[in-house]
Amino acid sequence: MSQRNPMNDRYQKEEHRGKSRRSAASAKPKTQAAASVHVKPKTKTKAEKKAIRRAERQKQADLDRKYANPPTPEYRRLRKIWWALLIAAIVCLALSFFLRDYLGEFAWMVILVLSYVFIIGALWLEFSKMKKVRRAYQEQMEAKKTKSQRAQERREKAAAKAAAAEAASKAAEEKPAEKKGFLGGLFGGKKKAADAAADEPAKDGAEGDAKAAS
35 MSQRNPMNDR YQKEEHRGKS RRSAASAKPK TQAAASVHVK PKTKTKAEKK
85 AIRRAERQKQ ADLDRKYANP PTPEYRRLRK IWWALLIAAI VCLALSFFLR
135 DYLGEFAWMV ILVLSYVFII GALWLEFSKM KKVRRAYQEQ MEAKKTKSQR
185 AQERREKAAA KAAAAEAASK AAEEKPAEKK GFLGGLFGGK KKAADAAADE
235 PAKDGAEGDA KAAS
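The numbering used here applies: residue 35 is where the sequence shown begins, and numbers increase by one.
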């Protein structure tokens, strides 16, 4: 890099002073760390949403079939009223059909309207009162089921912990015995080797005496 001449005119006069060039790094805009990173939220496709809704409907239909006739006094009372309305509607329809020639126009219309009233009352009772009772019984039974499942899980965990503790205690009892047997065998083997080494000179001496005597 060449050095600038300090005797140049532009460095001698104050009004013509130059300016230092700014670095390229200072010219860059300052941004926060990871400001350009955009996390795209995970969205489910239409097929996945449709499959989830279908599974939920199937689960609810199974529960409705399972708890269709709850054995509660309230449901039995409503069921009796429902049967009474349905039978009354059938009777009124039969009368309006078979006795139309014998009844007057006004009586026939009254019986026909009553049959429709009884049918509408039975439908309203089925889809409002009885449905609510079934749903409440369903939720109650499912809550009891979850409680029993949790109790069963707690019992299984307690049994597993007890089995693990028993296995650990057995292992702790067997480990010192094995260690003692190992040490005993080691020291016992050394003692036997020492006894055998001490017996060898005596045996050699006895064999030498026997040879000398012969």
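No residue lacks a Cβ here, since even glycine has one placed at the ideal position from N, Cα and C. Computed from a prediction, not measured in an experiment: that's the story for all the values here.
Does the Cβ-Cβ distance between residue i and residue j come in under 8 Å?
{"i": "residue 104", "j": "residue 171", "result": "yes"}
{"i": "residue 152", "j": "residue 129", "result": "no"}
{"i": "residue 126", "j": "residue 148", "result": "yes"}
{"i": "residue 109", "j": "residue 164", "result": "yes"}
Using the Cβ count rule (16 or more neighbours within 10 Å means buried), how would you classify residue i?
{"i": "residue 168", "result": "buried"}
{"i": "residue 185", "result": "exposed"}
{"i": "residue 123", "result": "buried"}
{"i": "residue 145", "result": "buried"}
The alpha helix (DSSP H) spanning residue i covers which residue range?
{"i": "residue 109", "result": "107-132"}
{"i": "residue 90", "result": "80-100"}
{"i": "residue 150", "result": "139-158"}
Just the C-alpha distance for residue i and residue j, rounded to the nearest angstrom, thanks.
{"i": "residue 81", "j": "residue 95", "result": "21 Å"}
{"i": "residue 183", "j": "residue 78", "result": "31 Å"}
{"i": "residue 188", "j": "residue 112", "result": "40 Å"}
{"i": "residue 197", "j": "residue 178", "result": "28 Å"}
{"i": "residue 90", "j": "residue 176", "result": "15 Å"}
{"i": "residue 155", "j": "residue 191", "result": "53 Å"}
{"i": "residue 85", "j": "residue 99", "result": "21 Å"}
{"i": "residue 93", "j": "residue 205", "result": "48 Å"}
Do you know whose CA, among the options, lies nearest residue i's CA?
{"i": "residue 162", "options": "116, 107 and 85", "result": "116"}
{"i": "residue 97", "options": "173, 146, 154 and 155", "result": "173"}
{"i": "residue 106", "options": "143, 93, 166 and 137", "result": "166"}
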